[in-house]
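Under the numbering used here, read the sequence shown as residues 2 to 52, first letter to last. For each residue, glycine too, the CB sits at the ideal point set by N, CA and C.
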Amino acid sequence: MDVSLTGEYEITEAINMMIPDRKIVRNYVCETSIDVGTKEGIQKTISVLQK
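What follows is the structure in structure tokens.
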């Protein structure tokens, strides 16, 4: 997935890439804010969701 013009990864683009593969998309309420527009934020998000 490419970085957007704003220099971030876009969650809508990620979801749109998952839909054709019939991946399950779920919501998750975080206890804190995580910037998922960066590689570091995505890695932190994955870590939180795997718990």
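First through last residue of the alpha helix (DSSP H) which encompasses residue i
i, result
"M18", "I12 to M19"
As assigned by DSSP and simplified to three states, the class of residue i
i, result
"G42", "helix"
"V37", "coil"
"V49", "helix"
"D3", "coil"
Nearest candidate by alpha-carbon position, reference residue i, set the options
i, options, result
"M18", "M2, C31 and Y29", "M2"
"V4", "V37, L50 and V49", "V37"
"V49", "C31, T13 and K40", "C31"
"Y10", "I20, T33, R27 and G42", "G42"
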